[in-house]
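So the mapping is simple: our numbering equals the position in the sequence shown, first residue as 1, plus 939. We treat Cβ as the ideally placed atom computed from N, Cα and C, and that holds for glycine. Since the structure is predicted, the reported quantities are computational estimates derived from the model, not experimental observations.
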Amino acid sequence: MSVRYIGSKARVSGLIADLAGPPPSDAGVFVDGFSGTGVVASAVADLGWPVRINDHLTSSAITSAARLIARSDVPFASLGGYEAALTKLAEVQPVLGFITREYSPVSAQHTEVERRYFTEANASRIDAMRAQITTWREDGTVSATEERLLIADLLAAANRVANIAGTYGCFLRNWSSTGVRELELHPRDLRSRPVEMDVHVGDVTQIPVRPEDVVYFDPPYTKRQYAAYYHILETIALGDEPEVGGVTGLRPWRHLASDFCYRKRALTALTSLVHDCTAGRVLLSYSSEGHVGQDELEAALAPLGELTVHSLGEIGRYRPNDAAVRNADSVHEYVFELRRSARGVAVQSSLPLAVQGVA
Ligand SMILES: C[S@@+](CC[C@H](N)C(=O)[O-])C[C@H]1O[C@@H](n2cnc3c(N)ncnc32)[C@H](O)[C@@H]1O
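In structure tokens, the structure reads:
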């Protein structure tokens, strides 16, 4: 099985782009506050919107940004073009680095578990390529955008050979046919026209937003914390060597624990998020599988402005394993659209009682 990004809107990104509508004639931008894989920002950019993307995971922000890159943004002049750069990257000699030490069978030499996320051959190529990208950036061979694209391509390549059942929350005890494949870098289809974009890595509450912007929020809706479920992608993206531990070699992630993932905090977190956002239009995705029920969310958001609930229909449920596939029913996706006055000021200036009362 290949990697699944929990909550990805790949199947409904077109519908969400339709809700955004045509790009505005004013200076408004489409802000994707929880960009994840970037499929929504990409669909909206296809309509001609300038976009601002944000995620608190660097790996997600990089993956999202890569979908927006045009060929003219990444000439790779010093390496003979994009495809040539990937070929050179694929040729680097394997290195026994952090990913190999912690996430391949080599881990058994210093831990009690043999972490079988990657074969030693693939892990040592990931280490070598990640180090090469840093060297190229440091010596000026590649630009910041070219670096981002190469890291995104390396993350995609790692995803194609990870020995996991959908997320990096655990590795498989036995090697899957995917896990023993040889790591390969694939060039992606770059855009023919540049997209006006800016990329942020940080908490959603820190993104700059103006009244003329349309803000899209797709927060986590279950207990699964992305920082833990995708920890190895984050380490590859950052190229750092954190203290890791436990069976799965988890990097420190609790500083990124999201309130949306806790049943008791989710309603307050969602309502505050929308309340505090100063955009004239806010689109909030939520799922019938989420901690907060549709009626409850609707009641909390209605006092904040003019609310419309759009049903996007059924989409497949995240299924971590074969048993879950057999038992799966589908889930319903909604977008709550809130419109506020042109000044971006909430119709009601204080939080509704439902929000104040929840711990
Ligand atoms: C449901 S996913 C978004 C999926 C995305 N729309 C897609 O289609 O791929 C939620 C994302 O929010 C990010 N996230 C969680 N808490 C966050 C926070 N407080 N601030 C910013 N990003 C956060 C996670 O890393 C994850 O990528």
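Minimum C-alpha distance to residue i - residue among the options
i	options	result
residue 965	975, 1150, 1213, 1183	1150
residue 1054	1040, 1197, 1063, 1066	1040
residue 1144	941, 995, 978	995
residue 1162	1138, 1147, 1185, 1205	1205
residue 1248	1230, 1231, 1223	1223
residue 1061	1075, 1030, 1074, 1080	1030
residue 946	1271, 1008, 1011, 1279	1271
residue 1032	1157, 1070, 1016, 980	1070
residue 1138	962, 1008, 944	1008
residue 1154	1028, 1279, 941, 1016	1279
residue 942	1120, 1106, 1185	1106
residue 1148	962, 953, 1219	1219
residue 1229	1207, 1217, 1160, 1076	1160
residue 1018	1005, 1185, 1081	1081
residue 1063	1100, 1077, 1213, 997	1100
residue 1067	1152, 1097, 959, 1207	1097
residue 962	985, 993, 952	985
residue 1010	1156, 944, 1129	1129
residue 1213	1188, 1245, 960	1245
Unbroken beta strand (DSSP E) run spanning residue i, endpoints
i	result
residue 1248	1245 to 1254
residue 1124	It is not in any beta strand (DSSP E) - residue 1124 carries neither H nor E in the DSSP assignment.
residue 969	969 to 971
residue 1025	Careful: residue 1025 lies outside any beta strand (DSSP E), inside the alpha helix (DSSP H) at 1021 to 1029.
residue 1017	Premise fails: residue 1017 is in no beta strand (DSSP E) and is neither H nor E.
residue 1155	1153 to 1156
Residues that DSSP places opposite residue i in a beta bridge
i	result
residue 1136	990
residue 1175	Paired residue(s): none; residue 1175 is not in a bridge.
residue 1184	1189
residue 1274	1224, 1249
Integer-rounded CB distance, given that residue j should sit under 8 Å from residue i
i	j	result
residue 1057	residue 1102	7 Å
residue 1013	residue 1088	5 Å
residue 1277	residue 1251	In fact, because the Cβ distance is near 16 Å, the residues do not count as touching under 8 Å.
residue 1026	residue 1003	Actually they are not in contact, since the Cβ atoms of residue 1026 and residue 1003 sit about 25 Å apart, beyond 8 Å.
residue 949	residue 983	At roughly 14 Å, the Cβ-Cβ gap does not stay under 8 Å, so residue 949 and residue 983 are not in contact.
residue 955	residue 1065	Actually they are not in contact, since the Cβ atoms of residue 955 and residue 1065 sit about 33 Å apart, beyond 8 Å.
residue 1073	residue 1178	6 Å
residue 1275	residue 1240	6 Å
residue 1158	residue 1209	7 Å
residue 1140	residue 1000	5 Å
residue 1146	residue 993	5 Å
Opening and closing residue of the alpha helix (DSSP H) in which residue i lies
i	result
residue 1131	Counting along the chain, residue 1131 falls outside any alpha helix (DSSP H), and DSSP gives it neither H nor E.
residue 910	Residue 910 lies beyond the stretch modelled for the chain, which goes from 940 to 1298, so this question has no answer here.
residue 1100	1083 to 1100
residue 1045	First-last for residue 1045: undefined, no H or E at that position.
residue 944	Counting along the chain, residue 944 falls outside any alpha helix (DSSP H), and DSSP gives it neither H nor E.
residue 958	952 to 959
residue 1060	1059 to 1077
residue 965	It is not in any alpha helix (DSSP H) - residue 965 carries neither H nor E in the DSSP assignment.
residue 1215	1202 to 1215
residue 978	978 to 985
residue 1233	1233 to 1240
residue 1003	997 to 1005
residue 1009	Unbroken run through residue 1009: none, as it is neither H nor E.
residue 1168	1165 to 1168
Cβ contact check for the stretch 1044 to 1059 and the stretch 969 to 984: 3 or more pairs under 8 Å: no
Three CB pairs or more closer than 8 Å across the stretch 1121 to 1128 and the stretch 984 to 1003: no
The stretch 1076 to 1091 touching the stretch 1186 to 1193, judged by at least three CB pairs closer than 8 Å: no
Any 3 or more C-beta pairs closer than 8 Å across the stretch 1165 to 1175 and the stretch 1022 to 1035: no
Inter-stretch contact at 8 Å, needing at least 3 Cβ pairs: the stretch 1107 to 1118 / the stretch 1132 to 1143: no
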